[in-house]
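In what follows, a structure is listed as structure tokens, so that the remarks can point back to it.
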Amino acid sequence: GDSVTQMEGPVTLSEEAFLTINCTYTATGYPSLFWYVQYPGEGLQLLLKATKADDKGSNKGFEATYRKETTSFHLEKGSVQVSDSAVYFCALFSGNTGKLIFGQGTTLQVKP
Amino acid sequence: GAGVSQTPSNKVTEKGKYVELRCDPISGHTALYWYRQSLGQGPEFLIYFQGTGAADDSGLPNDRFFAVRPEGSVSTLKIQRTERGDSAVYLCASSLGSNLFYEQFFGPGTRLTVL
Chain A
2 GDSVTQMEGP
12 VTLSEEAFLT
22 INCTYTATGY
32 PSLFWYVQYP
42 GEGLQLLLKA
52 TKADDKGSNK
62 GFEATYRKET
72 TSFHLEKGSV
82 QVSDSAVYFC
92 ALFSGNTGKL
102 IFGQGTTLQV
112 KP
Chain B
224 GAGVSQTPSN
234 KVTEKGKYVE
244 LRCDPISGHT
254 ALYWYRQSLG
264 QGPEFLIYFQ
274 GTGAADDSGL
284 PNDRFFAVRP
294 EGSVSTLKIQ
304 RTERGDSAVY
314 LCASSLGSNL
324 FYEQFFGPGT
334 RLTVL
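Order-wise, the sequence lines are chains A and B. Start counting at 1 in the first sequence, then tack on 1, and there's your number in the numbering used here. Start counting at 1 in the second sequence, then tack on 223, and there's your number in the numbering used here.
Next up, the structure:
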């Protein structure tokens, strides 16, 4: 079945460092891909998405490119801030199933 | 406007008891989803409704779990004969529709602890 695999955390960075969180997927057909973020004490929020190959999703300085050839959707940010500390989830939405399938989440901690 | 709300925010129960978890979706959202998030894991799909009917209940782990949405708005997730393994955060999400163009908005979750 469809699945999503994320790099294990926690990831600890200093402020202004470059961030990459790896995400790969397995799916039949052509899923849409998402990154969700869960800040401490808050609910899941959509961060960005891409609906077809080579699309780039971006929001709040974060970017991810839908790479069909490598079945990947890695999250990047050029300069992280303390306020980016959160748990990040990669997810896919398959039109065949009508539901989101999530990775296990990656905790990011940014230190001043 | 108001987001997705879930009640209670926390529920502690004893093994073998029955529990109900409630979800109030965003007004006008026809699709409603239930997910379960165990500690250190991502949310796992349980069931989704399009209107009043369950369009896909393939994620319900067994027949102790049941969900309803009788008027196409509020939904209740019901768990019979709870087990310690049912302890998790239960998330509800709603969207304008059930295809990829409609963002799913998540509630804050209900943390269920089965002693």
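Where is the CB? At the ideal position from N, CA and C, for every residue including glycine.
Min CB distance residue i to chain B below 8 Å
i	result
residue 100/A	yes
residue 74/A	no
residue 30/A	no
residue 44/A	yes
Residue-chain proximity (residue i, chain A), Cβ-Cβ < 8 Å
i	result
residue 332/B	yes
residue 303/B	no
residue 248/B	no
residue 256/B	yes
residue 326/B	yes
residue 308/B	no
residue 295/B	no
Residue interval of the beta strand (DSSP E) (run including residue i)
i	result
residue 247/B	242-247
residue 277/B	276-279
residue 28/A	Counting along the chain, residue 28/A falls outside any beta strand (DSSP E), and DSSP gives it neither H nor E.
residue 58/A	57-60
residue 327/B	No beta strand (DSSP E) contains residue 327/B, which DSSP labels as neither H nor E.
residue 259/B	254-260
Whole-angstrom C-beta distance between residue j and residue i, which should lie under 8 Å
i	j	result
residue 31/A	residue 53/A	7 Å
residue 312/B	residue 333/B	7 Å
residue 93/A	residue 329/B	About 16 Å; that fails the 8 Å criterion.
Residue of the options minimising C-alpha distance to residue i
i	options	result
residue 314/B	284/B, 268/B, 238/B	268/B
residue 1/A	14/A, 93/A, 108/A	In the structure displayed, chain A extends from 2 to 113; residue 1/A sits before or after that span and is not available.
residue 84/A	111/A, 102/A, 69/A	111/A
residue 304/B	226/B, 232/B, 238/B	238/B
residue 281/B	254/B, 325/B, 258/B, 328/B	258/B
Interface residues of chain A facing residue i [CB-CB closer than 8 Å]
i	result
residue 231/B	Here the premise fails: no neighbours, minimum Cβ distance about 15 Å.
Contacts of residue i in chain A (Cβ-Cβ under 7 Å)
i	result
residue 265/B	90, 103, 104, 105, 106
Proximal residues of chain B, C-beta to C-beta of residue i below 8 Å
i	result
residue 109/A	Chain B residues near residue 109/A: none, gap ~15 Å exceeds 8 Å.
Listed by chain order, chain B residues near residue i by CB distance under 7 Å
i	result
residue 47/A	326
> Got a sec: which bits of the region 271-290 of chain B sit with their beta carbon under 9 Å from any beta carbon on chain C, in order along the chain?
Replying inline: No chain C appears in the structure shown, which is made up of the protein chains A and B.
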